């Protein structure tokens, strides 16, 4: 367990948007729109090709997934109104890119799919919350799969 009540450093909860890395990426998305999503996916692919995706990439992949899912009509019930509005900032532009659904699924699997290659999974494992994290991740992937 970490000193922050069982959560990993920089996290105040286990949900997708309850950590510093995710909120930093939300700010990038608000500023840069779809290009932030595309850049994050490309960076995750690059990191994954090296065999390991760091926590920021893992968090960004989950946010990309939430943005895309919400834009295409499958938002998370766990996201509050304020954050839902932030995720919807560029929803009309996101909907112009249906290929982002498959790309988001790929990014999530590359960055949060295996303990050996994902810092994010490793940190949640160390905090004793891996099972809950996997449930949240899988629910997001299922929402995205339903959009294909």
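In this note's numbering, the protein residues as written are 2 to 149.
We put the CB at the ideal spot given by N, CA and C, even for glycine.
Just so you know, these numbers come straight off a predicted model, no measurement behind them.
By how many angstroms is the C-alpha of residue j removed from the C-alpha of residue i?
| i | j | result |
| --- | --- | --- |
| residue 12 | residue 27 | 15 Å |
| residue 105 | residue 38 | 9 Å |
| residue 143 | residue 97 | 21 Å |
| residue 75 | residue 148 | 8 Å |
| residue 103 | residue 81 | 25 Å |
| residue 2 | residue 71 | The pLDDT assigned to residue 2 is 32, lower than 50, so where the model puts this residue is not dependable, and the model offers no usable value. |
| residue 29 | residue 63 | 14 Å |
| residue 109 | residue 73 | 17 Å |
| residue 140 | residue 101 | 17 Å |
| residue 130 | residue 146 | 24 Å |
| residue 138 | residue 59 | 11 Å |
| residue 115 | residue 125 | 12 Å |
| residue 20 | residue 132 | 18 Å |
| residue 14 | residue 51 | 29 Å |
| residue 136 | residue 42 | 22 Å |
| residue 16 | residue 61 | 13 Å |
Helix, strand or coil for residue i per DSSP?
| i | result |
| --- | --- |
| residue 138 | helix |
| residue 77 | coil |
| residue 59 | helix |
| residue 93 | helix |
| residue 128 | coil |
| residue 66 | helix |
With DSSP as the reference, please indicate the residues paired to residue i in a beta bridge.
| i | result |
| --- | --- |
| residue 20 | 12 |
| residue 153 | There is simply no residue 153 to check, as the chain begins at 2 and stops at 149 in what is shown. |
Identify which residue in the options has its Cα closest to the Cα of residue i.
| i | options | result |
| --- | --- | --- |
| residue 47 | 146, 145, 139, 107 | 107 |
| residue 90 | 78, 65, 112 | 65 |
| residue 84 | 59, 146, 25 | 25 |
| residue 86 | 31, 51, 45, 22 | 31 |
| residue 111 | 14, 44, 23 | 44 |
| residue 92 | 61, 40, 68 | 68 |
| residue 23 | 127, 88, 49 | 88 |
* Asked: Any contact of the segment 51-66 with the segment 110-125, i.e. 3+ C-beta pairs under 8 Å?
  -> They touch, by the three-pair rule.
* Does the segment 22-36 touch the segment 85-101, meaning 3 or more C-beta pairs lie closer than 8 Å? -> yes
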